[in-house]
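Top line first, the protein sequences correspond to chains S, F, A and Z. Note that this note's numbering has the first sequence beginning at 1, numbered continuously upward. Note that this note's numbering has the second sequence beginning at 1001, numbered continuously upward. Note that this note's numbering has the third sequence beginning at 2001, numbered continuously upward. Note that this note's numbering has the fourth sequence beginning at 3001, numbered continuously upward.
4 protein chains.
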Amino acid sequence: MNIGIIGFGYWGTNLVRNFSSVKGAVLKKVSDLKADKKAALKILNPSAEFTSSADDILNDKDIDAVVIATPVFTHYEFAKKALIAGKHVLLEKPMASSVKEVNELIELSEKKKLLLMVDHTFLYTGAVQKMKSLLMNGEIGNIKYFDSTRINLGLFQPDVNVLWDLAPHDISILDYLVKEKPYSVHATGVSHTNNGIENIAYITINFESGFIAHFNCSWTSPVKIRLMLIGGDKKMIVFNDLEPTEKIKIYDTGYEIKTDEDRKKILVDYRTGDIFIPKIDLKEALSGMANDFVKSVSEGTVPVSDKMSGLNVIKILEASQKSIKNKGKEILV
Amino acid sequence: MNIGIIGFGYWGTNLVRNFSSVKGAVLKKVSDLKADKKAALKILNPSAEFTSSADDILNDKDIDAVVIATPVFTHYEFAKKALIAGKHVLLEKPMASSVKEVNELIELSEKKKLLLMVDHTFLYTGAVQKMKSLLMNGEIGNIKYFDSTRINLGLFQPDVNVLWDLAPHDISILDYLVKEKPYSVHATGVSHTNNGIENIAYITINFESGFIAHFNCSWTSPVKIRLMLIGGDKKMIVFNDLEPTEKIKIYDTGYEIKTDEDRKKILVDYRTGDIFIPKIDLKEALSGMANDFVKSVSEGTVPVSDKMSGLNVIKILEASQKSIKNKGKEILV
Amino acid sequence: MNIGIIGFGYWGTNLVRNFSSVKGAVLKKVSDLKADKKAALKILNPSAEFTSSADDILNDKDIDAVVIATPVFTHYEFAKKALIAGKHVLLEKPMASSVKEVNELIELSEKKKLLLMVDHTFLYTGAVQKMKSLLMNGEIGNIKYFDSTRINLGLFQPDVNVLWDLAPHDISILDYLVKEKPYSVHATGVSHTNNGIENIAYITINFESGFIAHFNCSWTSPVKIRLMLIGGDKKMIVFNDLEPTEKIKIYDTGYEIKTDEDRKKILVDYRTGDIFIPKIDLKEALSGMANDFVKSVSEGTVPVSDKMSGLNVIKILEASQKSIKNKGKEILV
Amino acid sequence: MNIGIIGFGYWGTNLVRNFSSVKGAVLKKVSDLKADKKAALKILNPSAEFTSSADDILNDKDIDAVVIATPVFTHYEFAKKALIAGKHVLLEKPMASSVKEVNELIELSEKKKLLLMVDHTFLYTGAVQKMKSLLMNGEIGNIKYFDSTRINLGLFQPDVNVLWDLAPHDISILDYLVKEKPYSVHATGVSHTNNGIENIAYITINFESGFIAHFNCSWTSPVKIRLMLIGGDKKMIVFNDLEPTEKIKIYDTGYEIKTDEDRKKILVDYRTGDIFIPKIDLKEALSGMANDFVKSVSEGTVPVSDKMSGLNVIKILEASQKSIKNKGKEILV
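Okay, structure coming up:
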């Protein structure tokens, strides 16, 4: 299985490094518009071929799968061409610019029986895998809320707002951990530049069951915070991604709602208990993602970070964007 | 100047302790429906008289000023009676149950030329006073955002939701620190009990200038967080109220927006610099509040935590409540 | 059972409060040289009698037990008189000024069949009780080291150095948790005043088995640290007393020494694993101590913080003091 | 100026990377006993020559300066040969195995008028440079104590104990920041392996003026701590090297000793004030060290991390080792 990578920028470098050592596949070609990237590729992977034209990869019959790490607005075109050319596709996050684009790509991939996958790297971290297993084995109980803060003094992106830049990480984790699908979102935000691109944004995601999710995103905080709270009716999880090793804390903390006989009063039983900090596997997530792509292509299995995960994230981003532009109006997903 | 306190519960105890040692006033009577509180008063202040009837205070011609620390829904009636009886009034937060009630009380107090004040204790803390002086002397610059998180495993209140319980603290600080008045709010929230009282709520407050404020309130977090970020265009403040002494950190951090000549690109200059942690006066805030009340009555001055502060907080709470019940719809303040 | 308390200063206040509500005993009299303390006692315990003479207590035939909370150098005299007068005795920490004094008191108490106890309050905290049970049930394995840091900007005491002021807490915990008794100490320290009273001191305590204990004490640190590390060959404990609730962390971390066949190389197997933070009982330790005293007198049982605990602490303090004065020379305990 | 590096292990890799980009010098040859390191060098620096014999470097007439990054016990021999061959020498820390060896090397370098330098990388960090400038400009006042903790679950070294492994960092910082030279040390420690190599060690360093330094080193802590407290009579510094950006905190905290007229009582005035966290230059320290070496050779200047720094560190390590082996006896430096 031969792989081509389109786009050799900051993240592309990580992809080249990981796909150079993945089992069961060979990195054959890497393209980037900047021809001077050739030397850098030589050092990272002397046997991979460099080209400044993406078409060299898309038209190469020996290439079975394509990894696309270009700016978001180009994802759809490159992925479509690759699928039409019969190649499996891995897209960087966010998967594309709109639900419409993603749906087209999904349809095409199904028709051509090709793998379409998105790189939600976070799903492959030891921390998220640990939370998934805790939720799956029932230890946390029914989830009641999901509250995420991802703020720092970050680069203002010229083409996407803070939502499209930061929230895909957290929304993909939400989508992976929680089975229930949202029915609506509310979002607010503000742009402190005159191009109208929001640098602060808040999203609330509503679910039928009463479960609620909230995201606080900012490029303009003096302190860096990467904090996620997940509250179940049995236990609660705090995921602090800035902790070097103690990332996940499981609190045996909760409350139970009781109603007295005539249902007039609410009685709440509080419980605080032990805390458990499981050892987390700290191996590189991107390596796990690369291996999952190759394995899914080879064996026809569904990857962890599959096309539906990509679609679900774009649905929420698109609805949130619409809500912000409509002054926080509820938008159905 | 003689003072009467109506309501001798948890907070009333603190009020009795502080009004027992305030200069220029004497605590004459304390009332509570529970007659067995008499003994507790004896210990705290042996010379104050106990009564189980609020009317004993309201009808006492020797009492000049009344402090009301009863459940919120009774504030309006007690305050109205006290004002009609010619007494100055200090109300616990939140000031009353609705903007309508507060407006009536304000009108009445002005007509009777009596002081009407609310106890927003936080405004008297060394931390808030330090932030106020930093903002007043221009050190922070123009404020761009205000982001507050106040969450913990808290008591579910039977009559008010988490907004009315927790947000008054933060909204009163916002109102005190920032001159600009809001034009609208969006709020979302969820109740995990069957009485419909929200235990998680998020508010966004919108301002004409592009300044934005956001509040995250919860009774259902396994960890306690009391964190406020205030971003100016010169410096930014982080106020962590759980730090025993290092509550306020001032970051010489910021970004400056530049536009190139043809205004097509946004250029952002980032700056991270020194951090300063000023020594904070840790004296009890409630004592400052009690003294401010007595001084304002005696000297006819306007207290820090005045009736307009009370009104502004209720306006936002009422609008937020309405927004939650209307699925996050924007509500003008 | 009637109790008298000699000494009504800062700590005496806490003792009066706790002995006022202890079961099975009545606080009859409290003495202090300062006659104006009478009013304060009236508030805390209206039925206890105040006296400015300790002899009023020591000579009162109705008093069965005496609590001594006076400066250290007076402990021996008061305790001796009380024991001779047939009263059970509880001494504040440190128990007395020298091993000789403590031994005399122990001998006297045994002869008179009276309880002699020292108030090592820390032993009654939920945190220390939790550590004791972890060590007793074998979860930590054989202890290899004990490392304690207790530093802050503290009051320079006029009569005792930083060792006698701060180390008794940690040494009493060491003595309680670890069965093995020390054979020698080394201590170094420095005085920054011209009275020669050390404000910084370091102690190493040596044990036959290779277990080692170390104490870092200072009145001159800009930051407050209360940190204890206890390393076993199975697990390790970190006790951070400044954490409001998460005081004890148990690390499933360790190393195993292996030697290869010809014993030339040392092979070490490292293990880092999960971390567990048990819920700690946060009830007031002093209340537990007061109850233990009354119970031990009534039932003739041995209290947790018994006279041998007091003796062991004084032995180490005395030896450490001698080591400091002899330039860090090893002193046998 | 041509450079050769002897030893291409873990740290040698960092040296090769930094000497490959240093200005004013060319990395000509790198030697390592393991011939298979050739490929790794090819990637890092394709133009440098690989050899498996150190003599190829020592006998190369075109090489002006040699960097020695081999095990400590070999430092002396390699450095001596290099100096005799007329080459400038940079030694990894610790400089050599004994004071005797270091003194010989120093003498030889002076006779041959060659630069002899040691790589105390920490001195080139932004944090240490900031502390140096604070101390130089008098802001901290006279230093009273220096307290360092450097503990973690670390590799047990087969040939050197925890002192020789961890303490050189902290001792070199002490030597750099404080002008006064020590007159004696006390050290204690313990080995939990049967080879007698200590894995826990404590050093106290004594100075004539009453200044005291203490070092706590361990390979067997479940938590990683890198904390240094430096107390001056004006201000105090806390250096926490694990903080990603806020490494240095300057406390305007102190105490002033006063004596009353008849000098019987000690009066201490306490002061706690603001805290300042300066922005620290986070550029790679090793690059600064490499540039300092090349510049010092070229211009004949004295490097920050010069041979006397190396000597002073070895003096303390040797004396500490002797003290440990003599049961904590005071050893003059």
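No residue lacks a Cβ here, since even glycine has one placed at the ideal position from N, Cα and C. Since we're looking at a predicted model, the values are computed, not measured.
Exercise for review: Scan the region 3032 to 3043 of chain Z for residues whose Cβ lies nearer than 9 Å to a Cβ of chain S and list them as they occur along the chain.
Suggested key: 3043
Exercise for review: With distances taken Cα to Cα, identify the nearest neighbour of residue 1136 of chain F among F/1222, F/1178, F/1195.
Suggested key: Here residue 1136 of chain F refers to the residue found at position 136 of the second sequence. Of the listed residues, the one whose Cα sits closest to residue 1136 of chain F is F/1178.
**Study point:** residue 2238 of chain A: contacting residues in chain Z (beta-carbon distance under 9 Å)
**Key:** By one-based count along the third sequence, residue 2238 of chain A stands at place 238. Within chain Z, the residues near residue 2238 of chain A are 3221, 3222, 3223.
**Study point:** Supposed contact pair residue 1277 of chain F and residue 1249 of chain F - C-beta distance, whole angstroms, cut 8 Å
**Key:** Numbered from its first residue, the second sequence carries residue 1249 of chain F at position 249. Numbered from its first residue, the second sequence carries residue 1277 of chain F at position 277. Sure, about 5 Å apart at Cβ, within 8 Å.
**Study point:** Neighbouring residues, chain F, relative to residue 3272 of chain Z (Cβ below 7 Å)
**Key:** Here the question's residue 3272 of chain Z lines up with position 272 in the fourth sequence. The contacting residues are 1279.
Point to revise | chain F within 8 Å of residue 243 of chain S, Cβ atoms only | key: Here the question's residue 243 of chain S lines up with position 243 in the first sequence. So, not an interface residue.
Review point. Beta-carbon separation of residue 1161 of chain F and residue 1213 of chain F under 8 Å?
Key: For this step, residue 1161 of chain F is matched to residue 161 along the second sequence. For this step, residue 1213 of chain F is matched to residue 213 along the second sequence. Contact: no.
Check your understanding: Got a sec: is the Cβ-Cβ distance from residue 2248 of chain A to anything in chain S below 8 Å?
Key -> Residue 2248 of chain A sits at position 248 when you count from the first residue of the third sequence. Taking Cβ atoms only, chain S never reaches closer than 8 Å to residue 2248 of chain A, which makes this a no.
Exercise for review: Could you work out which residues of chain A lie near residue 275 of chain S, taking near to mean beta carbons separated by less than 7 Å?
Suggested key: The residue labelled residue 275 of chain S in the question sits at position 275 within the first sequence. Per Cβ cutoff of 7 Å: 2246, 2277.
**Study point:** Proximal chain A residues relative to residue 3231 of chain Z, where beta-carbon distance stays under 8 Å
**Key:** Here residue 3231 of chain Z refers to the residue found at position 231 when the fourth sequence is read from its first residue. The contacting residues are 2220, 2221, 2222.
Exercise for review: Kindly list the residues whose CB is nearer than 8 Å to the CB of residue 1063 of chain F, restricted to its own chain and excluding five residues on each side of it in sequence; keep chain order.
Suggested key: Position 63 of the second sequence, counted from the first residue, corresponds to residue 1063 of chain F. So the qualifying residues of the chain are 1002, 1003, 1004, 1028, 1029, 1057, 1087.
Point to revise | Residues near residue 1019 of chain F by beta carbon distance below 6 Å, same chain, minus five either side | key: The residue given as residue 1019 of chain F occupies position 19 in the second sequence. Excluding residues within five positions, the ones whose Cβ falls inside 6 Å are 1003, 1027, 1290.
Check your understanding: Mapping DSSP to helix, strand and coil, what is residue 1286 of chain F?
Key -> For this step, residue 1286 of chain F is matched to residue 286 along the second sequence. Helix.
Practice item. Return the chain-ordered list of same chain residues with a C-beta closer than 8 Å to the C-beta of residue 1251 of chain F, the five sequence neighbours on each side being excluded. Key: Translated into the one-based positions of the second sequence, residue 1251 of chain F becomes position 251. Contacts found: 1235, 1236, 1237, 1238, 1272, 1273, 1275.
**Study point:** Cα-Cα separation, residue 3169 of chain Z to residue 3121 of chain Z
**Key:** In the fourth sequence, residue 3169 of chain Z corresponds to position 169, counting from 1. In the fourth sequence, residue 3121 of chain Z corresponds to position 121, counting from 1. Looking at the two C-alpha atoms, the distance is approximately 8 Å.
Point to revise | Enclosing alpha helix (DSSP H) for residue 2013 of chain A [first to last residue] | key: Numbered from its first residue, the third sequence carries residue 2013 of chain A at position 13. Counting along the chain, the alpha helix (DSSP H) containing residue 2013 of chain A begins and ends at 2010 to 2019.
Practice item. Pull up the distance between the alpha-carbon of residue 3180 of chain Z and that of residue 3332 of chain Z, whole angstroms please. Key: Within the fourth sequence, the letter at position 180 stands for residue 3180 of chain Z. Within the fourth sequence, the letter at position 332 stands for residue 3332 of chain Z. Between residue 3180 of chain Z and residue 3332 of chain Z, the C-alpha separation is close to 15 Å.
Practice item. Look at the alpha carbon of residue 2294 of chain A and the alpha carbon of residue 1223 of chain F, and state the distance between them as a whole number of angstroms. Key: Residue mapping note: residue 2294 of chain A aligns to position 294 of the third sequence, counting from 1. Residue mapping note: residue 1223 of chain F aligns to position 223 of the second sequence, counting from 1. The alpha-carbon atoms of residue 2294 of chain A and residue 1223 of chain F are separated by roughly 38 Å.
Check your understanding: residue 1304 of chain F and residue 1090 of chain F look like a contact to me (Cβ under 8 Å); what is the Cβ gap, rounded to whole Å?
Key -> Here residue 1304 of chain F refers to the residue found at position 304 when the second sequence is read from its first residue. Here residue 1090 of chain F refers to the residue found at position 90 when the second sequence is read from its first residue. That pair is no contact at about 13 Å.
Review point. Thinking C-alpha only, which one of F/1034, F/1033, F/1060, F/1017 is nearest residue 1045 of chain F?
Key: Counted from its first residue, the second sequence places residue 1045 of chain F at position 45. Per the Cα distances, F/1017.
**Study point:** Helix, strand or coil at residue 139 of chain S according to DSSP, with G and I counted as helix
**Key:** Taking the first residue of the first sequence as 1, we reach residue 139 of chain S at position 139. Coil.
Review point. Since residue 2268 of chain A meets chain Z, which of its residues come closer than 7 Å, beta carbon to beta carbon?
Key: Counted from its first residue, the third sequence places residue 2268 of chain A at position 268. Near residue 2268 of chain A (Cβ distances below 7 Å), the residues of chain Z are 3156.
Check your understanding: Does DSSP classify residue 1293 of chain F as helix, strand or coil?
Key -> To locate residue 1293 of chain F, count along the second sequence from 1; it is residue 293. Helix.
Practice item. Would you check if the distance between the CB atom of residue 2218 of chain A and the CB atom of residue 2330 of chain A is smaller than 8 Å? Key: Position 218 of the third sequence, counting from 1, holds the residue named residue 2218 of chain A. Position 330 of the third sequence, counting from 1, holds the residue named residue 2330 of chain A. Going by C-beta atoms, residue 2218 of chain A is not nearer than 8 Å to residue 2330 of chain A.
Check your understanding: Going by the beta-carbon positions, is the gap between residue 2106 of chain A and residue 2115 of chain A smaller than 8 Å?
Key -> One-based indexing of the third sequence puts residue 2106 of chain A at position 106. One-based indexing of the third sequence puts residue 2115 of chain A at position 115. Contact flag unset, no.
Practice item. Using the Cα positions of residue 1025 of chain F and residue 1075 of chain F, report the straight-line distance between them to the nearest angstrom. Key: As a position in the second sequence, residue 1025 of chain F is number 25, starting the count at 1. As a position in the second sequence, residue 1075 of chain F is number 75, starting the count at 1. Cα-Cα distance, rounded: 23 Å.
Check your understanding: What did DSSP end up calling residue 2047 of chain A once you bin it into helix, strand or coil?
Key -> Along the third sequence, one-based indexing puts residue 2047 of chain A at 47. Of the three classes helix, strand and coil, the one that applies to residue 2047 of chain A here is coil, per DSSP.
**Study point:** Chain-ordered residues of the region 78 to 97 of chain S with a beta carbon less than 8 Å from chain F
**Key:** none
Practice item. For residue 2079 of chain A, name the three-state secondary structure that DSSP assigns. Key: If you number the third sequence from 1, residue 2079 of chain A lands on position 79. Three-state DSSP puts residue 2079 of chain A in a helix.
Check your understanding: Going straight from the alpha carbon of residue 1145 of chain F to that of residue 153 of chain S, what length do you get?
Key -> Taking the second sequence and counting its residues from 1, one reaches residue 1145 of chain F at position 145. Taking the first sequence and counting its residues from 1, one reaches residue 153 of chain S at position 153. In a straight line, the C-alpha of residue 1145 of chain F is about 13 Å away from that of residue 153 of chain S.
Exercise for review: Say whether chain A places a C-beta atom closer than 8 Å to the C-beta of residue 3004 of chain Z.
Suggested key: The sequence position of residue 3004 of chain Z within the fourth sequence is 4, counting from 1. For residue 3004 of chain Z, the answer is no, since every Cβ of chain A falls outside 8 Å of its Cβ.
Review point. Should residue 1330 of chain F be flagged as near chain S, meaning a C-beta pair shorter than 8 Å?
Key: As a position in the second sequence, residue 1330 of chain F is number 330, starting the count at 1. For residue 1330 of chain F, the answer is yes, since a Cβ of chain S falls inside 8 Å of its Cβ.
Check your understanding: Across which residues does DSSP place residue 1030 of chain F in a beta bridge pair?
Key -> Within the second sequence, numbered from 1, the residue matching residue 1030 of chain F stands at position 30. In the DSSP output, where bridge partners are listed per residue, residue 1030 of chain F has F/1005, F/1050.
Review point. Using a C-beta cutoff of 8 Å, does residue 2142 of chain A count as contacting chain Z?
Key: Locating residue 2142 of chain A in the third sequence gives position 142, counting from the first residue. Residue 2142 of chain A does not count as touching chain Z.
Practice item. Determine whether the Cβ of residue 3301 of chain Z lies closer than 8 Å to any Cβ atom of chain A. Key: Counting from 1 along the fourth sequence, the entry for residue 3301 of chain Z is found at position 301. Chain A, which has no Cβ nearer than 8 Å to the Cβ of residue 3301 of chain Z, makes this no.
Check your understanding: Hey, residue 1186 of chain F and residue 1204 of chain F are a contact pair by Cβ (cut 8 Å); roughly how many whole angstroms apart?
Key -> For the purposes of this step, residue 1186 of chain F is taken as residue 186 along the second sequence, with counting starting at 1. For the purposes of this step, residue 1204 of chain F is taken as residue 204 along the second sequence, with counting starting at 1. Correct: roughly 5 Å between the Cβ atoms.
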